[in-house]
Amino acid sequence: MALLLNAKKTLHNTLTSVLVIDIIKVCQQNFANGGVSMDKEEILRASRRENQNKDIYELEIVNKGQRIGGIIGICVTFALMFAERIILKNGMNYGYFLIVLSACAGLWIYKALKMRKKHEIFLAVLWSVLVVYAAVMVILGFLG
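Last residue of the sequence shown? That's 1437 in the working numbering, and every number before it is there in order.
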């Protein structure tokens, strides 16, 4: 849940900061031209440029759909893992963990590359280490 809130806050902060910069530039230009006020069309142009003519509502719906799809995928993966372990009485299949951990690592690596914050980088490294561990366990399982 915290991941969802953080992603939404990041999107909002990014969009807001770009729009504010455009508004400040237009205001500075208007002030340099004798204080002419900013008209509606200039504001709309700045907003469209910021959003690259994309509907923010549609972007949020797609983003939420991807998150829900990811959660469902993780739930199905864990259900398969536990079904295999309980019904077939096999040992732990780290292949399922590798799938889930790879998805999480990919998310945090992308976020760390874009945001360059210490905690995102730390989590990207942590998830990557877990992926390597799961991959080693899968390989050891294949080797017997």
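Quick reminder that beta carbons are idealized off the backbone N, C-alpha and C, glycines included.
Query                                                                                                           : Result
Test item: CB-CB of Ala1427 and Leu1394 under 8 Å                                                               : yes
CA nearest to the CA of Ser1424, picked from Arg1409, Gly1388, Gly1358, Glu1413                                 : Here residue 1424 is Val; the residue named in the question, Ser, does not match the sequence. Looking at the Cα atoms, Gly1388 is the closest of the given residues.
Nearest-angstrom Cβ-Cβ length linking Val1431 and Leu1391, presumed shorter than 8 Å                            : 6 Å
Three-state secondary structure assigned by DSSP to Leu1391                                                     : helix
Sequence-distant residues of the same chain with beta carbon closer than 6 Å to Trp1401, five excluded per side : Leu1416, Ala1417, Trp1420
Own chain residues within Cβ distance below 8 Å of Ile1414, not counting five before or after                   : Ala1405
Met1385, buried or exposed, once every other Cβ within 10 Å from all chains shown has been counted against 16   : exposed
Secondary structure of Met1385, DSSP reduced to three states                                                    : coil
Rounded separation between Ile1349 and Asn1383 - CA only                                                        : 47 Å
Three-state secondary structure (DSSP) of Arg1342                                                               : helix
Rounded C-alpha distance that separates Leu1436 from Phe1371                                                    : 24 Å
C-alpha gap between Gly1399 and Val1355, whole angstroms                                                        : 18 Å
For Lys1410, three-class secondary structure by DSSP                                                            : coil
Whether Ala1396 touches Gly1363 by CB criterion (8 Å)                                                           : yes
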